[in-house]
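Structure (structure tokens):
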């Protein structure tokens, strides 16, 4: 059953990521993946989470991620503490994608939904990949959660869609 507005964000949800740091800023420099305890972190923040089918894919790279980077100041002005970009790719690929997009801090995290465990719990996958969806979690409470009507759609999971809800 998908998460819906009014639900508590579930316990036990974690992703993996490589925290951005000056030591790993260069594209060829790799850090070590660590656990991101989303359930714990989201209890103390207002977070926009969006998922997409994969790093470095055409629609995701051309418009979905750039929209969040461009609109982050507007999201921040609406009280968003952090944006979480989720895909099925491993933490190394997600870290590389963050670097390729010029993200150098934790305002936007590029995290791996290892084995699509989180996304598949709600049936929001496309085969072995994460599907395209968006959520807003406000201090542990889901206030928005929508799946795109088809894989190429960008109607309910974009930064613009989130700004309308906020």
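Numbering (this note's numbering), first residue to last: 4 to 169. Ideal Cβ positions, reconstructed from N, Cα and C, are used throughout, including at glycine.
Between residue 23 and residue 106 the beta-carbon gap is near 7 Å, inside 8 Å, which marks them as a contact. In this structure the stretch 145–161 touches the stretch 4–17; the number of beta carbon pairs closer than 8 Å is three or more. The C-alpha of residue 40 lies about 9 Å from the C-alpha of residue 19. A straight-line Cα-Cα distance of about 25 Å links residue 83 and residue 124. Less than 8 Å separates the beta-carbon of residue 164 from that of residue 137. Just so you know, the alpha carbons of residue 48 and residue 13 end up roughly 15 Å apart. A residue is called buried once 16 or more other Cβ atoms fall within 10 Å of its Cβ, and residue 30, having fewer, is exposed. Residue pairing of residue 148 in beta bridges, as defined by DSSP: 138.
Using a 10 angstroms sphere on the CB of residue 74, the tally of other CB atoms reaches 16 or more, which defines it as buried.
With 16 or more other Cβ atoms inside 10 Å of its own Cβ, residue 113 counts as buried. For the 8 Å CB-CB criterion, residue 57 and residue 90 form a contact.
If you draw a straight line from the Cα of residue 80 to the Cα of residue 169, it comes to about 10 Å.
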